[in-house]
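Each residue of the sequence shown is one higher than the last, beginning at 1 in this note's numbering.
All C-beta atoms, glycine included, are put in the ideal place defined by N, C-alpha and C.
Have a look at the structure below, then the notes.
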Amino acid sequence: MLTQTYKISRQQMGPLLTGIAHTKGVCNLLIGVSTVFIILLFILDQWIKHTVVATIALGGTHTVVSGLLSLTYIRNDGAAWSMLAGQQWLFIIISLAALVVMIWFFIHYRHNWQYELGIAFMIAGTLGNFYDRLVNGFVVDMFQLDFINFPIFNFADSCLTIGVIWIMIVLFLEDQGEKHA
């Protein structure tokens, strides 16, 4: 059996270590940018909800685009279509568990901006509704699509939906790429 020992000088290791440090730096930068993005989405969600509560009476409607979109202020203490109404502690526990899982994925996939973007949207949406449930005991919903019979929803719901759809598209495209490789 033949074994060889290789000695590598600091000079030879320099480019390798620089590359590793650069990769870690880029990953940390992406996490920082994504974290700021999550915070901005959360602030926008809370601002929209606050504005609706301050300007539209509970149950009141304001037409934004006739036949397309209205703002209707409702308090939702359930999930979509008010399912499981009044089960706030259940939603708080589910939201906490979902946030833990999403944050784990957010950190684990920090090297992949496509996943990180989708997960950032999902975290922001979950955080927005989680905060409402924790502080108010209900979620403020306001967006009503006038052209279809669809539940009234909020910006946080939209963020969560965008994140899920984005991740599904990324997974589909990756799968298609593997089939053609």
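Checklist line | Option nearest G86 by Cα separation, candidates G137, P151, N149 | finding: Nearest of G137, P151, N149 to G86, Cα basis: G137.
Margin query: Bridge partners for N76 per DSSP, in chain order?
Written below: V139
Item checked: Which listed residue (I38, V135, A156) has its alpha carbon closest to that of V103 -> Checking the sequence, you will find Ile at residue 103 rather than Val. The shortest C-alpha separation from I103 is found at I38.
Margin query: According to DSSP, simplified to helix, strand and coil, what is F150?
Written below: coil
Next item on the list: Give the range of the beta strand (DSSP E) segment to which H62 is assigned.
Entry: 61-65
Item checked: Extent of the continuous alpha helix (DSSP H) run through A156 -> It spans 155-180 - the alpha helix (DSSP H) in which A156 sits, taken as one unbroken run.
Notebook entry, point to check: Do I152 and D190 come within 7 Å of each other at the CB atom, strictly closer than that value?
Noted result: Residue 190 is absent from the structure shown; the chain starts at 1 and stops at 181.
Notebook entry, point to check: Per DSSP, Q144 is paired with what?
Noted result: Partner(s): S70.
Next item on the list: Locate the alpha helix (DSSP H) running through A97, then write down its first and last residues.
Entry: For A97, the uninterrupted alpha helix (DSSP H) segment begins and ends at 88-108.
Checklist line | T63, buried or exposed, once every other Cβ within 10 Å from all chains shown has been counted against 16 | finding: Exposed, by the Cβ-count rule.
Next item on the list: Report the rounded CA-to-CA distance for I107 versus L99, giving the unit in angstroms.
Entry: 12 Å
Next item on the list: May I ask you to verify whether the region 52-60 touches the region 158-172, counting CB pairs closer than 8 Å and requiring at least 3?
Entry: Taking 8 Å as the limit for Cβ pairs, the verdict is that the region 158-172 does not touch the region 52-60.
Item checked: Close Cβ partners of F155 (< 6 Å) along its chain, the five nearest in sequence each way excluded -> So the qualifying residues of the chain are D45, I48.
Next item on the list: Look at the alpha carbon of H111 and the alpha carbon of V33, and state the distance between them as a whole number of angstroms.
Entry: 13 Å
Next item on the list: Ignore the nearest five residues each way along the sequence and tell me which others in L84's own chain have a CB closer than 8 Å to its CB.
Entry: G78, L90, F91
Margin query: Can you list, in chain order, the residues of its chain with a C-beta nearer than 6 Å to that of I148? Leave out the 5 residues immediately preceding and following it.
Written below: none
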